[in-house]
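*Asks:*
Have a look at this one:
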């Protein structure tokens, strides 16, 4: 009964166009009425207490770091380094996009921030050089989702808070799968770009130019090293890593690169504040249904429903991946995490599946949803900044979407691809 009420109220709220945050609150209130536990004071306490969680402080800190990175010249220098290394190859700007996307994802923690910066900086360059506009935009969108997988990932912070999993372990477990997806994108780009014979190749950079680009980007490249090493050796928590990242980016942008003015600082802090407010309101709203999900034992009801699959972990994971993919196609990343994580993590734990491994698959799946219709949040960002039609961009994205989906199911079939590197990074 509780499961039916939860799903029914959520679907009804979404169908009438209620914002996700209010739909989540309605679900929680409906479950409280059903169980005879309705109390306005409990609702207020849950919202306030959940927003005051210390690990969630990492979200505004990493958002600020990402904004500073884009405004203060770190992103530009990383892209210049990539151009100097591989820009002269056939399809070189595509490889630059992937290389830069991996590095930017290890700085910003946000797929949307990476999509915005890569589209603004690289799409015009690729179009002028003769690359197919739709395919180039599709590659940028597909690379951008690495921002939710490679640490520091804001999505992993939300997942850790919503499910009780270690954020540090999730961060470290996301490194290898993120690099595997990047490798799959390189292979796919090599296959689809071979047909372009009229591309204007960039001149090959000399050794001196490459060294200069490396020297210019050194301060930017040190940031992901500081974060990963700090987490790997337990020097910092994820929240402290966010503080280090934001302060480091501010110092480098203002004192070394000197591209961050007081005016741009106030503008980026305002943008970061708006983004943080939206994410935190979702987290606070989700605390009510999350609490009621536990009280109503909805995970136990789901376990009873899927009992035949509990003895077959791989089949269970496949079914859950399909479920998550369907939901992430019509819902943004953060609401999907907040809605499903409190329900599914106890289910996979009961089936003796490593919850950190499942968390990584969960995040990859939700990230793929960012470039999947009908919503595709990252696709909308690329369309808006790149002045592209949604349908045309989607067509250019399909080969890369297929590649990322293949990697996801390879990770389902071979769990060691996630667990072995995760154990190495964690010890």
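Numbering (the numbering used here), first residue to last: 3 to 429.
Glycine included, C-beta positions come from ideal geometry on N, C-alpha and C.
(1) Does the contact criterion of 3 or more C-beta pairs under 8 Å hold for the segment 68–86 versus the segment 269–280?
(2) Indicate whether residue 403 and residue 370 have their beta-carbon atoms separated by less than 9 Å.
(3) Starting from the Cα of residue 86, find the closest Cα among 93, 77, 98, 76 and give me that residue.
(4) What residue range is occupied by the uninterrupted alpha helix (DSSP H) comprising residue 43?
(5) Hey, how far is the Cα of residue 317 from the Cα of residue 254?
(6) Out of 159, 425, 194, state which residue places its alpha-carbon closest to the alpha-carbon of residue 59.
(7) Can you check whether the CB of residue 57 is closer than 9 Å to the CB of residue 162?
(8) Given a threshold of 16 other Cβ atoms within 10 Å of its Cβ, counted over all protein chains shown, does residue 210 qualify as buried or as exposed?
(9) Check whether the Cβ atoms of residue 362 and residue 106 sit closer than 9 Å, and answer yes or no.
(10) Would you call the segment 187–197 and the segment 373–381 touching, i.e. three or more CB-CB distances under 8 Å?
(11) DSSP state of residue 301, grouped into three classes?
(12) By the three-class DSSP mapping on this structure, what secondary structure does residue 334 have?
(13) Residue 378 by DSSP, collapsed to three states: which one?
(14) Contact check, residue 347 vs residue 167 under 8 Å by CB: the rounded distance?
(15) According to DSSP, simplified to helix, strand and coil, what is residue 176?
(16) When we look at the beta-carbon of residue 78 and count the other beta-carbons within 10 Å, is it buried (16 or more) or exposed?
(17) Helix or strand or just coil, what does DSSP make of residue 64?
(18) Assign residue 291 to buried or exposed, taking buried as 16 or more other Cβ atoms, counted over all protein chains shown, within 10 Å of its Cβ.
(19) Using the beta-carbon count (16 or more within 10 Å), is residue 263 buried or exposed?
(20) If you run the structure through DSSP and keep just helix, strand and coil, what is residue 239?
(21) What is the C-beta distance between residue 143 and residue 326, in whole angstroms, given that I count them as a contact (C-beta under 8 Å)?
(22) How many whole angstroms separate the CB atoms of residue 49 and residue 289, which I take to be in contact at a CB cut-off of 8 Å?
(23) Am I right that residue 120 and residue 146 are in contact with their C-beta atoms under 8 Å? What's the rounded C-beta distance?
(24) Could you give the distance in angstroms between the alpha-carbon of residue 280 and the alpha-carbon of residue 62?
(25) For the alpha helix (DSSP H) that contains residue 397, what are its first and last residues?
(26) Just curious, the alpha helix (DSSP H) that residue 31 is in, first and last residue?
(27) Does DSSP put residue 72 in a helix, a strand or coil?
*Replies:* Considering the structure as presented:
(1) With the cut-off at 8 Å, the segment 68–86 and the segment 269–280 touch.
(2) For residue 403 and residue 370, yes; Cβs fall inside 9 Å.
(3) Of the listed residues, the one whose Cα sits closest to residue 86 is 98.
(4) Residue 43 -> alpha helix (DSSP H) spans 42–53.
(5) If you take the alpha carbons of residue 317 and residue 254, they lie about 48 Å apart.
(6) Nearest C-alpha to residue 59: 159.
(7) Remark: C-beta atoms of residue 162 and residue 57 approach each other more closely than 9 Å.
(8) Exposed, since its Cβ has fewer than 16 Cβ neighbours within 10 Å.
(9) No, these two residues do not count as a Cβ contact at 9 Å.
(10) Not touching, per the Cβ criterion.
(11) In this structure, residue 301 counts as helix in the three-state DSSP scheme.
(12) DSSP places residue 334 in the coil class of the three-state scheme, outside both helix and strand.
(13) In the displayed model, residue 378 falls within coil according to three-state DSSP, outside both helix and strand.
(14) Distance from residue 347 to residue 167 at the Cβ level is roughly 7 Å; contact confirmed, criterion being Cβ atoms closer than 8 Å.
(15) Here residue 176 sits in coil by DSSP.
(16) Burial of residue 78 is indicated by the presence of at least 16 other C-beta atoms within 10 angstroms of its C-beta.
(17) In the three-state reduction of the DSSP assignment, residue 64 falls in the helix class, which pools H, G and I.
(18) That one is buried.
(19) Residue 263 is exposed by the Cβ-count criterion.
(20) DSSP places residue 239 in coil when its eight states are reduced to three.
(21) Not confirmed; about 20 Å, so no contact.
(22) Between residue 289 and residue 49 the Cβ distance is about 6 Å, and since that is below 8 Å, they are a contact.
(23) About 6 Å separates the Cβ atoms of residue 120 and residue 146, confirming a contact at the 8 Å cut-off.
(24) Cα to Cα, the separation comes out at about 11 Å.
(25) Residue 397 -> alpha helix (DSSP H) spans 392–415.
(26) That run of the alpha helix (DSSP H) goes 22–36.
(27) Of the three classes helix, strand and coil, the one that applies to residue 72 here is helix, per DSSP.
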